[in-house]
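Trainee: Here it is: the structure, laid out below.
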Amino acid sequence: MQNKHEAFKNEKRIHTDFKKKMTYSDYLGLDTLLSSHHPLSDHHDEMLFISVHHVSEIWMKQILHEINSAIRDIQADNLSTSFKKLARVSQIQAQMKNVWDVLSTLTPAEYMEFRDKLGNASGFQSYQNRILEFALGYKTEYVLKIYEKDPELLEILQEAYDAPSLYDVSIQALVRAGLPIDEEVLNRDVRVTHQSNESVKQAWLTVYRNVDKYWELYELAEELVDIEDLFQQWRFRHMKTVERIIGFKRGTGGSGGVAYLKKVIDQYFFPELWELRTEL
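Once you know that position 97 of the sequence shown is 98 in our numbering, the rest is easy, because the numbers rise by one and skip nothing.
Here it is as structure tokens:
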């Protein structure tokens, strides 16, 4: 039988003295991260409920980091630089979608053991999710009221609300490539959710019909479609997980629960990129 320490036999340079050196735990701030679970009940499964939402928020932070950088790249006409970041967003979204499979192991009877402890706290109030929606172009001013209790956070949300979205800067890239876009689109208030526009659709159609000429714009379009596709898959898995656990009860934050989640599945960030597929 192999000695249980065989793997370390020739590892003479492994550091073991960290009295004055930074450790893995120090670098990652694990004391803070792992102490952030504060269950309000004694039920075993509340830890899972908290962990799933913590993981989702951490991934959303990374997504926002990538998208905001990609927006700056596109504004500077560095489209190729943005592709890696947008592709990474899609990979993260796949991880976020799968987290609902873990939460689905929570049964209705188990959730009811601690649901009342949540009060009115709800994922609906996730400010990172709102900032992400703003970054993708879905602007809803009324939700800003939720964050009025925290002026500093409200300022961050307002800044994201007032900023051009990933799709806004992508449309501007079409213009710089010489493709005609209606002035009403170019001069619109970016705080208003973009609505499908024929000139934008025709510009993207030109890109798709002339891939060699507009290769980078074509690649950008497909990166956007990937992101929207996975975002919708995430929303669908969210909706089905909620339905599986609480049925059609109203959400803790006051939303319609499953009824609300079904409606948002039909929201599109980049409508013309989906519409043009019928016409190609």
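Backbone N, C-alpha and C fix where the C-beta goes; we use that ideal spot for every residue, glycine too.
Does the distance from the CB of residue 277 to the CB of residue 180 come in under 7 Å?
Mentor: No.
Trainee: Nearest CA to the CA of residue 195: which residue from 162, 88, 67?
Mentor: The shortest Cα separation from residue 195 among 162, 88, 67 belongs to 162.
Trainee: Please classify residue 103: is it buried, with 16 or more other beta-carbons within 10 angstroms of its beta-carbon, or exposed?
Mentor: Exposed is the call here.
Trainee: Measure the CB-CB distance between residue 87 and residue 224 and report whether it falls below 7 Å.
Mentor: Contact flag set, yes.
Trainee: Can you tell which of 65, 182, 128 has its C-alpha closest to the C-alpha of residue 156?
Mentor: When each option's Cα is compared against that of residue 156, the closest is 128.
Trainee: In the structure shown, what three-state DSSP assignment does residue 180 receive?
Mentor: Residue state, collapsed to three classes: coil.
Trainee: Within a Cβ cutoff of 8 Å, which residues of the same chain sit near residue 22, ignoring the five residues on either side of it in sequence?
Mentor: So the qualifying residues of the chain are 16.
Trainee: From residue 26 to residue 35, what distance separates their C-alpha atoms?
Mentor: Near 10 Å, if we compare the C-alpha coordinates of residue 35 and residue 26.
Trainee: Helix or strand or just coil, what does DSSP make of residue 17?
Mentor: Coil, per DSSP.
Trainee: Using only CA atoms, which one of 241, 101, 123 lies nearest to residue 264?
Mentor: Among 241, 101, 123, the Cα nearest to that of residue 264 belongs to 241.
Trainee: Residue ranges of each alpha helix (DSSP H) run of no fewer than 4 residues wholly in the segment 25 to 56, ordered along the chain?
Mentor: Segments of the alpha helix (DSSP H) lying fully in the segment 25 to 56: 25 to 29, 31 to 35.
Trainee: Taking Cβ positions, are residue 47 and residue 115 nearer each other than 7 Å?
Mentor: For residue 47 and residue 115, yes; Cβs fall inside 7 Å.
Trainee: Tell me whether residue 254 sits in a helix, a strand or coil according to DSSP, three-state version.
Mentor: Reduced to three states, the DSSP call for residue 254 is coil.
Trainee: Would the beta-carbon of residue 186 fall within 7 Å of that of residue 169?
Mentor: No.
Trainee: Beta carbon of residue 303, beta carbon of residue 204: below 7 Å?
Mentor: Residue numbering for the chain in the displayed model covers 2 to 281; residue 303 lies beyond these limits and cannot be assessed.
Trainee: Straight-line CA distance for residue 72 to residue 45?
Mentor: When rounded, the distance between both Cα atoms is 42 Å.
Trainee: Excluding the 5 residues preceding and the 5 following residue 50 in the sequence, name in chain order all residues of the same chain whose CB lies nearer than 8 Å to its CB.
Mentor: The answer, listed in chain order, is 104, 107, 112, 115.
Trainee: Taking the alpha helix (DSSP H) that residue 234 falls in, what are its first and last residues?
Mentor: From DSSP, the alpha helix (DSSP H) with residue 234 extends over 216 to 247.
Trainee: Could you tell me which of 270, 281, 237, 76 sits nearest to residue 260, measuring between CA atoms?
Mentor: Of the candidates 270, 281, 237, 76, the one whose C-alpha sits nearest the C-alpha of residue 260 is 237.
Trainee: Cα-Cα, which of 268, 158, 272, 214 is closest to residue 1?
Mentor: Since the first residue shown for the chain is 2 and the last is 281, residue 1 is missing from the structure and cannot be characterised.
Trainee: Could you spell out the range, first to last residue, of the alpha helix (DSSP H) harbouring residue 112?
Mentor: Segment 109 to 113, the alpha helix (DSSP H) holding residue 112.
Trainee: Buried or exposed: which applies to residue 122, given that a residue is buried once 16 or more other Cβ atoms fall within 10 Å of its Cβ?
Mentor: Classification of residue 122: exposed, given that the 10 Å Cβ count is below 16.
Trainee: Taking all protein chains shown into account, decide if residue 136 is buried (16 or more other Cβ within 10 angstroms of its Cβ) or exposed.
Mentor: Residue 136 comes out buried.
Trainee: Rounding to the nearest angstrom, what Cα-Cα distance links residue 215 and residue 208 in this structure?
Mentor: Rounded to the nearest angstrom, the two C-alpha atoms are 6 Å apart.
Trainee: Sort 152, 98, 167 by Cα distance to residue 65 and report the nearest one.
Mentor: Among 152, 98, 167, the Cα nearest to that of residue 65 belongs to 167.
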